[in-house]
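Reviewing the structure listed below.
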Amino acid sequence: MRTAYCFDLDGTVTTTEILPSIASEAGIAEEIATLTRITMDGLISFTDSMRLRTLILGQIPVPRVHEIIAQIPLDAHLQRFIAERSDDCFIVTGNLDIWIQPLLDRLGCRSFTSNARLNGSRLVLDHILDKGDAVKRIRSELGFERIIAVGDGANDVPMLREADIGMAFGGVHSPTASAVGAADFVVHNGEVLCSLLKAL
Amino acid sequence: MQPVEGAVIAAAGLGSRLGLGLPKAMLEIGNKTILSRLIETIEPVVPRIHVVVGYREELVIEHVARWHRNVVIVRNPDYRTTNTAWSMAMGARGIPGKTIFMDGDLVISPESFSAFVAKAARTDVLVGVTRASSEQAVFVRTHARSAEDFEIDEFSREARSEYEWANVVSGPSNLMDKVSGYVYEQLQPRLPLPAFALELSEVDTAEDLDRTRAFTQRLSG
Numbered sequence: 001m002r003t004a005y006c007f008d009l010d011g012t013v014t015t016t017e018i019l020p021s022i023a024s025e026a027g028i029a030e031e032i033a034t035l036t037r038i039t040m041d042g043l044i045s046f047t048d049s050m051r052l053r054t055l056i057l058g059q060i061p062v063p064r065v066h067e068i069i070a071q072i073p074l075d076a077h078l079q080r081f082i083a084e085r086s087d088d089c090f091i092v093t094g095n096l097d098i099w100i101q102p103l104l105d106r107l108g109c110r111s112f113t114s115n116a117r118l119n120g121s122r123l124v125l126d127h128i129l130d131k132g133d134a135v136k137r138i139r140s141e142l143g144f145e146r147i148i149a150v151g152d153g154a155n156d157v158p159m160l161r162e163a164d165i166g167m168a169f170g171g172v173h174s175p176t177a178s179a180v181g182a183a184d185f186v187v188h189n190g191e192v193l194c195s196l197l198k199a200l
Numbered sequence: 001m002q003p004v005e006g007a008v009i010a011a012a013g014l015g016s017r018l019g020l021g022l023p024k025a026m027l028e029i030g031n032k033t034i035l036s037r038l039i040e041t042i043e044p045v046v047p048r049i050h051v052v053v054g055y056r057e058e059l060v061i062e063h064v065a066r067w068h069r070n071v072v073i074v075r076n077p078d079y080r081t082t083n084t085a086w087s088m089a090m091g092a093r094g095i096p097g098k099t100i101f102m103d104g105d106l107v108i109s110p111e112s113f114s115a116f117v118a119k120a121a122r123t124d125v126l127v128g129v130t131r132a133s134s135e136q137a138v139f140v141r142t143h144a145r146s147a148e149d150f151e152i153d154e155f156s157r158e159a160r161s162e163y164e165w166a167n168v169v170s171g172p173s174n175l176m177d178k179v180s181g182y183v184y185e186q187l188q189p190r191l192p193l194p195a196f197a198l199e200l201s202e203v204d205t206a207e208d209l210d211r212t213r214a215f216t217q218r219l220s221g
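Order-wise, the sequence lines are chains A and B.
Just so we're aligned, residue 1 is where the first sequence starts under UniProt numbering, counting upward by one.
Just so we're aligned, residue 1 is where the second sequence starts under UniProt numbering, counting upward by one.
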């Protein structure tokens, strides 16, 4: 049986949140933190939140975003797990491809992301990922029979529900109640998570 | 020789005989939860611990997130309509080999638990028993095989005996799969099975709680 492993990016594979790191750079950390919090709690939809975040953070030049993202620390255990089976691992993130490409290159596996492009100096949002759709596509188009998903927030719920096994991961901060409610397992340590993933 | 790779603690149930509105594992004995005491007993000798949660799961998850970050939580949202054996089977998923299955309402002497783990590695299925102390116990009839070893011949609700079923058993990780009924009923067709006498106290009733407090004091004294 071929198993796909789907990982949320921010706060799951990365040990700090990406968008807040970019926001600190622009001196709008608190504004973005508020937006992130109400999004994680499910008070506004992920789509609305992503549009707002793109509008606000889109003012920062993309090369500068890449410099910031190059410094983002990754969970060493998860990074190794992905490197050892990169054909079977997927990053499934609502974050924008144009921002996180350097991070995806570092991880070296396939990904499903939201999409944006530059129109002159303006960032234009083309598509916002529904993580549940990503899992469906991995199953129907890529021939994986079993899917294990790992995430921590409200936007991970469709992915956790659609997967055969869902893991709420609290490596950085506690997973939201909604993510826990959609999961089969709750894990708080990257090393333990990887040992569990290997054994399932 | 097959070392124990994981322990499953069943902490999903209502604990209705005590009726304190808490999962029994979350009861405090001497300022520490039964669950924390159990985890601290298991941790030094078993590499992975899974705790199955259901009733008021948020309390257990928060407790584990705060104090026991290496412990894996397994959710059983159907805890109201499923039994302990079902929770244990769910909890064993992701444990690759030999597994210890136990109830979450036990205080166990660390020395006797370590000895159980050592013997479990040399035994296909090892059943934990303890000196009979409660009225509603599942009693076990045993016979000696040698000076150290004894075996269980029968589980019984009626026939009082020296030992009772301790709600601790080790075996392959699929031991509880496809079970209906109580955990010991799953073991019945396999009898006779090797037994191990554990020093422990189980909390089912308010009386048990007092007895367990005294037991815990003796352990730390």
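Here a beta-carbon is modelled for each residue, glycine too, at the ideal position from N, C-alpha and C.
With respect to A:Val186, B:Ile61 sits close: the two C-beta atoms are nearer than 7 Å. Here A:Leu196 is buried. Its C-beta has 16 or more other C-beta atoms within 10 Å. Taken through DSSP and simplified to helix, strand or coil, B:Ile152 comes out as strand. In the assembly as shown, B:Glu28 is an exposed residue. Its beta-carbon has fewer than 16 other beta-carbons within 10 Å. Note on B:Asp210: under 16 other CB atoms within 10 angstroms of its CB, so exposed under the neighbour-count rule. In the displayed model, B:Met26 falls within a helix according to three-state DSSP.
About 5 Å separates the Cβ atoms of A:Pro73 and A:Thr15, confirming a contact at the 8 Å cut-off. If only uninterrupted beta strand (DSSP E) runs of at least 3 residues are considered, those enclosed by the stretch 102-166 of chain A are 110-119, 122-127, 146-151. The stretch 124-131 of chain B and the stretch 155-165 of chain B touch, with no fewer than 3 CB-CB distances between them shorter than 8 Å. The Cβ-Cβ distance between A:Gly151 and A:Ala177 does not fall below 7 Å. Rounded to whole angstroms, the gap between the alpha carbons of A:Asp130 and B:Asp103 is 40 Å. Taking a Cβ-Cβ threshold of 9 Å, none of the residues of chain A is close to B:Gly54; the smallest such distance is about 13 Å. DSSP, reduced to helix, strand and coil, places B:Glu164 within a strand of the structure shown. Identification of chain A residues near B:Val168 by a Cβ-Cβ cut-off of 8 Å yields none; the smallest Cβ-Cβ distance measures about 22 Å.
The beta carbon of B:Thr212 lies closer than 7 Å to those of Ile29, Val107, Ser201, Val203 in the same chain, with the five residues before and after it left out.
In this structure, A:Leu104 places its C-beta atom within 7 Å of the C-beta atom of A:Ser111. DSSP places B:Ser170 within a strand segment (E or B) once states are collapsed to three.
Restricting attention to B:Ser156, B:Gln136, B:Ile9, the CA atom closest to the CA of B:Glu40 is found in B:Ile9. Rounded to whole angstroms, the separation of the alpha carbons of A:Ser49 and A:Leu35 is 7 Å.
The three-state secondary structure of B:Glu202, taken from DSSP, is strand. When rounded, the separation of the alpha-carbon atoms in B:Phe101 and A:Ile38 is 40 Å. Assigned with DSSP and collapsed to three states, B:Pro189 falls in helix.
Here the alpha carbon of A:Asp10 sits roughly 26 Å from the alpha carbon of A:Ser140. Interface with chain A (7 Å Cβ-Cβ cutoff): B:Val72 is included.
From the beta-carbon of B:Arg218, no residue of chain A is found nearer than 8 Å; the closest lies around 33 Å away. Close to A:Gly170, with beta-carbon spacing below 8 Å, are these residues of chain B in chain order: Ala65. Cβ neighbours of B:Phe116 within its own chain (closer than 8 Å, five residues either side excluded): Ile100, Leu126, Gly128, Val168, Ser170, Phe196, Leu198. Residue nearest to B:Val71 within the set B:Val52, B:Leu191, B:Tyr184 is B:Val52 (criterion: CA-CA distance). Put simply, the backbone Cα of A:Thr93 is about 30 Å away from that of B:Trp67. The shortest CA-to-CA distance from B:Met1 to any of B:Val74, B:Ala118, B:Leu38 is the one to B:Ala118. According to the DSSP assignment, B:Gly15 belongs to no beta strand (DSSP E), since it is labelled neither H nor E. Straight through space, the alpha carbons of B:Met176 and B:Val183 are spaced by roughly 7 Å.
Not a single C-beta of chain B is nearer than 7 Å to the C-beta of A:Asp133. Taking a Cβ-Cβ cut-off of 7 Å, the neighbours of B:Pro96 in chain A comprise Ala199, given in sequence order.
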